[in-house]
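Comments concern the structure below.
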Amino acid sequence: MLVSLVPVAQARQDSPRVLRVALVQEIDHLNPFTASFASSTMVGRFSWEFLTLPSAEDATPTGGVAESWEVSEDKLTWTFTIREGMTWSDGEPVTAEDAVFTFDKIMSDPKAAEANGGYVENFVAVSAPDPRTLVIETAEPQASMTALDVPIVPEHVWSRVPDMHDPMADSVEVVGVGSGPFLIAEYRRNEVVRMTANERYWRGAPAYDELRFIKFENADAAVNALRNGEIDFVNRLTRAQFDSLRGEPGVETNQASGRRYRELLMNPGARNAVGDEIGDGHPALRDVRVRRAVAMAVDPRVLVEKVLGGYGELPGGLVPPVYSEFHYEPGEDVRYEFDPGAAEALLDEAGYERGPDGVRAGPDGRPLEFRLTGRASDDYAQRAGDYVVSWLRDVGIAVTKDLVSDNEVDETTSSGHYDLAFSGWGTNPDPDYILSKQTCAALPAASGSSSSNAFFCDEVYDELYYRQAAELSGQQRAELVRRAQARYYERVPSLVLGYDNVLEAYRSDRFTGFVRQPVGEGQIMEQTGYWGFYGAEPVTGAAAGAGSGVSAGVWIVVGAGALVLLVGGGVVLVRRRASVYDRE
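Residue numbers (my numbering): 149 to 732.
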C-alpha cells in the first residue's frame, strides 16, 4: 500500500492546533527591560529563557540558560555554566556574553533598570571568561542569585537599540528573536501580538501550534466565550463565574492558592530619589495615624467573603501564604482589625474634626476628601470600591471612585497622582523582588519612572531588607523577611486586602495536560515559569482552533508551546510525533 507522508510543519500550517486564552489586562510593553504588567511579563517568560527558573514541581530553582552554578567560599562570586548547544531563534549561539550584555545594560542604563533593576543593585562586575562561563561578583552575599527573574536577551540584537524608551525596543525586529518556547512574530499595540513556535527551543518543539491570548473588556464576556467554544482557557474568575462553570459540559475548573496579593495604596507623600515631592497626593495621608485609621476602617474579611466569594485568604504581609516559609502573619496585638471607633479616635487625635456635612477637615481647613483609583476592567475594583467608599464615609472621610484604564492606573500611581488606589503584585517564590520594591532605592529618578507605586522609604525597613538579601542561611533569612514585612505593616503605606485564590477554567474537550505549579495542586496560567501552557496538548480528535469566531476589535497574542511531562518528581521532555514569571 502506498502511503503519502505529509511533513509535520506543512500539516500544522494547513490545520494549526490553537489554544485560545482570555486576557482582560492590557500589555504595557514587550520590551523585557521595561515591561511591568503581569500580562507583559508573562509573554516575556515565554519568549526569553532566564539563567534559572522556578521548577514546576515545587518552585525550587531549575536550569534555564544556565545548566549548573556554584558559589565561592566567601559567597561573593557566582559562576554559571551556560547550556551547551543552546541557540537563539535566528540560529546564533546563546553565550555568556549575552548574559553579560543583559546585566550590564540593567546596571548602567536607568531606563533598562525599570523592570529588573533591583536584582543587580548588589552586583560589582559581570564577566565571561569564555562563551560558556558567566561570572557574577557581588558586593555582599546575595541570597536571590538562583532566582534572578531577568530574561536574558541576545546581544547581537539588543545592542542595536539606541534607547530603551524608543519604539524600536518594542518592535518585532528586536523582540522577535528569543530563546524561549514562543517567538513574537507581530505586535500592534493594544491590538495584536502574534507568536510562533520556536523550533530551536532547547526543551523541544510544542505539542500544539499556536497560543492566542484574546483581549476581552471584562471577565463576563470571556466566560461566555468559553461556554460558546470561542476560547479554551480563562482565569481570574469571580466566585459566581467559577461556580457557574462547575459541571459545564466540556469544561474543567481549577482552584488553587495564589501568589498575588491585593492592596489599597495610601499615598504617603510621593517623593523621587533625591527627596523632592512629586504627584498631588492628599497631605493628610503623610500622617501614619491617618493611614492606620483607614486600615482600621476597612474590613478585609468582608472583601474576601463578599467580593471574592470566600475564594481567598485573609491578609497579612506582602508574601502570600502559598510561600509559607516567608509569609508574615501579624499577631493579635498589632493586626488592623475592623474597628471604626478606633479609626475615629485616631483621626480625632490627628486633629481632623467632623464638619457639618460629616466630613472631617484638618487644622488648615482642607477636608479629608480622597480619590480612589482603580482599573475599570477589574470586577474587584468596582465592587470593593463601593465598600471602601461606604466604610470611610462612616468615619468622616469622603471618597470618590475613579476607575480608569490599566495604563491610566499605572501612569497615575507611578507618578504619585493619587490618594488611595487599588493595586496588587504577583510575588515570586524568592521574596527579594517584592521586598526590594519597597526600599528607598526603588523611588523614581523622575516622576512616573518608579517600579514601586507605594513610595515607601524607611531606614528600619531598608536595614532589614539588606540583611535578608545577604543572608544565605534559610531559617535566619526567613526571620528577617518576616521582620521586614512587619515593619511595612506597621508603617502602612499600603494595606494588603487579601490573597486571591486562583480560579481558572478550560475546555477539557479540546486540551489536556496543563501543568500546575506546584504540580498537582497549583495554578496554571500566571506561574513564575511557563510550564502551564507549555505542558498542554490537544485532545485527540478535537477540532483545530484556527477559526475562533471571535469578533474584530479584540487584540490577540499568538504563540506556541511544548509538552513537558512530570514523572517521579522530574521533568521529562516528550517529543511529539516527528518534531517533538508583576504588576496589577
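For each residue, glycine too, the CB sits at the ideal point set by N, CA and C.
Where the beta strand (DSSP E) through residue i begins and ends
i, result
"W573", "L568 to G574"
"L591", "Here L591 belongs to no beta strand (DSSP E), and DSSP marks it neither H nor E."
"Q623", "Taken as a continuous stretch (DSSP letters only), Q623 belongs to no beta strand (DSSP E), being part of the alpha helix (DSSP H) at G622 to R639."
"N402", "V399 to S405"
"L201", "T200 to P202"
"R523", "E517 to R523"
"E358", "E358 to K363"
"A273", "F271 to D278"
"A370", "From DSSP, A370 is part of no beta strand (DSSP E) but of the alpha helix (DSSP H) over A367 to R375."
"E218", "A214 to V219"
"T386", "That residue, T386, is in no beta strand (DSSP E); it is neither H nor E in DSSP."
"T229", "T225 to I230"
Check whether residue i and residue j have beta carbons under 9 Å apart
i, j, result
"E652", "F249", "no"
"A445", "P488", "yes"
"M414", "V640", "yes"
"F181", "A261", "yes"
"A546", "E517", "yes"
"A263", "A183", "yes"
"L331", "S472", "no"
"R348", "W236", "yes"
"E411", "L612", "no"
"V663", "G646", "no"
"A404", "E205", "no"
"M190", "S327", "no"
"Q616", "L568", "no"
"I230", "V242", "yes"
"Q671", "L466", "no"
"F486", "D447", "yes"
"T386", "A367", "yes"
"R407", "V470", "yes"
Buried/exposed call for residue i, threshold 16 Cβ in 10 Å
i, result
"G503", "exposed"
"T200", "buried"
"E358", "buried"
"Q623", "exposed"
"I704", "Annotation note: pLDDT 37 at I704 (below 50); position unreliable, coordinate value reported separately. Result: buried."
"Y528", "buried"
"G734", "The question about residue 734 has no answer here: the residues shown for the chain are numbered 149 through 732."
"E501", "exposed"
"R165", "buried"
"R514", "exposed"
"V608", "exposed"
"D318", "buried"
"G211", "buried"
DSSP state of residue i mapped onto helix, strand, coil
i, result
"D550", "strand"
"N649", "strand"
"D542", "helix"
"V482", "coil"
"S395", "Per the sequence presented here, residue 395 reads as Gly, with Ser not at that position. The answer is coil: DSSP assigns G395 none of H, G, I, E or B."
"F381", "strand"
"P310", "coil"
"A773", "Outside the displayed range of the chain (149 to 732) lies residue 773, so it cannot be described from this structure."
"E174", "coil"
"T561", "helix"
"I704", "Unreliable placement is indicated for I704, whose pLDDT of 37 sits below 50; no coordinate value is reported for it."
"P431", "helix"
Endpoints, the alpha helix (DSSP H) within which residue i is located
i, result
"I582", "D580 to S584"
"W679", "W679 to Y682"
"W122", "With the chain running from 149 to 732 in the structure shown, residue 122 is simply not present."
"I254", "A244 to S256"
"P209", "Careful: P209 lies outside any alpha helix (DSSP H), inside the beta strand (DSSP E) at P209 to G211."
"A690", "Taken as a continuous stretch (DSSP letters only), A690 belongs to no alpha helix (DSSP H), as it is neither H nor E."
"L612", "E607 to A618"
"A490", "P488 to E497"
"E321", "V320 to V323"
Counterpart residues of residue i in DSSP-defined beta bridges
i, result
"L412", "F570 and L643"
"Q671", "Q665"
"S237", "DSSP, once it has assigned bridges, lists no residue as partnering S237."
"L296", "Answer is none; L296 lacks a bridge partner."
"Y335", "V341"
"E425", "R419"
"T286", "F271"
"R168", "R360"
"R508", "R502"
"F330", "A345"
"R439", "R439 is not bridged to any residue."
Closer than 8 Å: residue i CB and nearest the ligand GDP heavy atom
i, result
"V274", "Only the bare structure without any ligand can be found here, which leaves the ligand GDP out of the picture."
Neighbour flag for residue i against chain D, beta carbons, 9 Å
i, result
"A204", "Although the question refers to chain D, the structure presented lacks it and comprises just one protein chain."
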